Each structure stands twice: as structure tokens, then as C-alpha cells.
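Residue numbers are given in the numbering used here: position 188 of the sequence shown equals residue 299, and the series is strictly consecutive.
Glycine residues also receive a C-beta, built at the ideal position from the N, C-alpha and C atoms.
Treat the numbers as computed from the prediction; the structure is a model and nothing was measured.
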Amino acid sequence: MYLSRAELDPTRRETMVALISPQKFHGAVENAFAGARRRRLWRLDQLGEKLYLLLLSEERPDLTALCAQFGTGAPPETRPYDPLLERVTAGSCWQFRLTANPTRSKKDSADHTARGTLKPCYLEVEQEEWLWAQAAKHGFAVSEGSFAVTRKQTYHFKKNGTRPVTLLAVTYEGILQVTDPEAFKALLCEGVGRGKAYGLGLMTIIHRGGDHGWDARLFPAHAGVIPRRCPSSKMLASFPRLRGGDPSPSPGTVCLYAFSPPTRGFHIDNPAQKADNRFILNAERGKVYAVF
């Protein structure tokens, strides 16, 4: 397996069109491989002011044409994925990012014997329930408060230029624990949920704790949450604002957890601290910190 990334230029007309019509990226991804076309996992990720297309595949791709059509001129990067898979063991904890299409089956009230129709999970509580259900199926566990929905987007486009498609994309970030390594590895390689052709279903992970080691060399910003612990200090510099000037430093003794963009939410190692400490979350202004 290989994990690749290509930097995209969002100011190019071709990229602008593809950002609202993800089937165009799908076609470019499939053209990066020789032989018969088949579905591969890919995802769009924002890192600071840079936009990347992340691709997981069994063969090494040729992203020359994709970069020429949508890229900035920077060369694509490809690295082996198998060393990461070998580190997945029962009980191991990982920080993750997943952009998926959560759906639920809705029965026809007039015909209880008929199969239910799939409906998007627009409510956040439904989106969280969907992830818990997938965890039970795919060999990992998440607890309440260990993850957050950090982004939602609805795509409206026409498949093959005729059939209208509406697709909900929800990004989850947080911490999980592996319960069944083989099932979890299958999830990492095969994806989860619907909409894989349109950049959904790819989960990326980074090992929790330590110095990140090999994971840090495998595009760490795309692996989901990136922890940065701020030791006790008198002043804490907040995250940059999304608009306007930077906020002034905030006083206090702090322990800071920063999520990779978009900056939303945080996680505290010790749940017992939640009852005794004051938490301040202001993602829209760019601040995410906890004061003890």
C-alpha cells in the first residue's frame, strides 16, 4: 500500500470547478493508474493555507497529469503505508481523521416489511451515533467526548452531467482504541461508508503519544489530530484568527491541545479533570485552550 499527496492550487479554474464537483477529482485519480479502472480511496485536506489531495492505493500512482491539471507545480509525494499498518495492534490508541458520508436507514411507515431508504445524518447526534456503529463493525472503539465533528459540507452536482447528486460530507477527529486489529486494518485500506468515489471514507491515523516517529514522516497533518502540549507558563499565545489580526496572548497556567485545521475542539487525557477545570472553546475566533 502507498499513501500519496499532491498539493492543489485552489485559485485555478479547474480546481475551483472540481471542488464543487468531486467526480472530476475522481476521474483524475483513476487516470493516475494503468489498467482497468477501480475505486481507490482519496480525500481533500486543508493544511494551513495549503490544499492537498490525499490518496491511498495498492500501486504507486503517477500523479503527473493530476498535478498538471489541478496542482501548484510542487511535485507529488508517495510513501509506503505498510509500516504503519504493521504497528496497528490490539489495545493501541490512535488519533484519527475521517471524512465520511454518515447515513441511516428510514423505514416506510406505510409498509414495515419494505427495505428502508438511506437518508443522510444531518443532525450531529445522528452523526455521532453513526460513528459509534461503524466502530463496533470495524474493530475500534471511541468513547463519548473522545471525538468531535469538525466540518460538514453538502455537495450538489450532476453525475455524468445528467443525474443530480446530493452528498453530505462530515469530518470526524479524535482518539480511538483498536479492539480488532485485522478488522481495523481492513477499514484503513478499504474505507468506510458511502461516497468513496467522491473523496469520502478514508480514515487516517497517527500514533498517540511519543515523538510520532515514523508517523510524523507520513504526512502527519493529514493523520487527524496533532497534539501539542503547552507546559505551564504565564502567557499563552492563542491560535491565529481566521479573520483580522491575531488575538493577544492569554494569561494563565495551561495545557494546550491543538487540532489540525480546521481548528475545533480538544481532548483532555484525564477525564477527572473535566469537573474541576474551566474550559474555554472559541473555534470561530481561532482560540482553543483550557485554563487550570
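- Residue pairing by DSSP places Phe144 in no beta bridge whatsoever.
- When Cβ pairs closer than 8 Å are counted between the two stretches, the region 256-263 is seen to touch the region 278-289, the count reaching three or more.
- In the DSSP annotation of this structure, the continuous segment of the alpha helix (DSSP H) that includes Met127 starts and ends at Arg124 to Ile131.
- Judged by DSSP secondary structure, Asp156 falls within the beta strand (DSSP E) whose first and last residues are Leu152 to Leu158.
- Per the Cβ contact rule, the region 199-216 is in contact with the region 286-305 (3 or more Cβ pairs under 8 Å).
- Cα atoms of Leu155 and Arg116: separation of roughly 9 Å, rounded to the nearest angstrom.
- In the assembly as shown, Ile131 is an exposed residue. Its beta-carbon has fewer than 16 other beta-carbons within 10 Å.
- Ranked by Cα distance from Asn212, the first of Gln180, Pro172 and Tyr233 is Tyr233.
- In this structure, Leu165 keeps its C-beta atom at 8 Å or more from the C-beta atom of Met112.
- Counting along the chain, no beta strand (DSSP E) covers Leu298; the unbroken alpha helix (DSSP H) around it starts and ends at Pro292 to Glu301.
- Residues Glu141 of the same chain have their beta carbon placed closer than 6 Å to that of Arg148, with the five preceding and five following residues left out of the count.
- With distances taken between CA atoms, Leu158 lies nearest to Glu118 out of Leu242, Glu118 and Ala297.
- By the neighbour-count definition (other C-beta atoms within 10 Å, threshold 16), Val253 is a buried residue.
- With a cutoff of 8 Å on beta-carbon distance, Leu313 and Leu162 are scored as not near each other.
- A direct Cα-Cα distance of roughly 37 Å separates Gly146 from Gln238.
- Taking 8 Å as the upper bound for CB-CB distance, Lys135 and Ala129 are in contact here, some 4 Å apart.
- In this structure, the CA atom of Trp241 is about 32 Å from the CA atom of Arg171.
- Glu188 sits in a strand when the DSSP states are folded into three classes.
- When the alpha-carbon of Phe251 is set against those of Val303, Lys270, Thr277 and Thr214, the nearest one is in Val303.
- In this structure, Leu209 lies away from Leu167, with their beta-carbon atoms at least 8 Å apart.
- In the three-state DSSP reduction, Cys232 falls in the coil class, being neither helix nor strand.
- Spanning the alpha carbons of His137 and Gly256 requires a straight line of approximately 34 Å.
- Under the three-state reduction of DSSP, Gly306 is assigned to coil, being neither helix nor strand.
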